[in-house]
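So the structure is just underneath, and the comments pick up after that.
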Amino acid sequence: MSCELTTWPTQEAPQYHAISYTWGDVSATRCIIINGQQASIGENCFYALTQAYSSRLDDEDECHFWVDSICMNQQDVEKNHQVRKMGNIY
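Numbering (UniProt numbering), first residue to last: 1 to 90.
Quick look at the structure:
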């Protein structure tokens, strides 16, 4: 799986599908390519993205996803800042 990570101001973001935190064994990971770089994501997150992408509407040329475990740095204070904005994101 290969994807591109892009940013937009909240008010200018294109339509997207939000995928929230996925539970599961944190040691079970899959590799994906994000902006040309290899990254590991949880196996359940990989499955959720795969299912969401394959069930998108046929007429969607581009499909945007916001995945909290990818879009928010889980290891720093950014996560706390972003959590307060979840109402706007979802």
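For every residue, glycine included, the Cβ atom is placed at its ideal position computed from N, Cα and C.
Shown here for glutamine 15: same chain residues with a beta carbon closer than 8 angstroms to its own, the five before and five after excluded, namely His64 in chain order. In this structure aspartate 25 is exposed. Its beta-carbon is surrounded by fewer than 16 other beta-carbon atoms within 10 angstroms.
The three-state reading of DSSP puts serine 2 in strand, counting E and B together. Counting C-beta atoms within 10 angstroms of its own C-beta, aspartate 61 has fewer than 16 neighbours from the protein chains shown and is therefore classed as exposed.
Between the alpha carbons of glutamine 11 and histidine 17 lies a gap of roughly 15 angstroms. Sixteen is the threshold: when 16 or more other Cβ atoms of the shown chains lie within 10 Å of the Cβ of alanine 48, as they do, the residue is buried.
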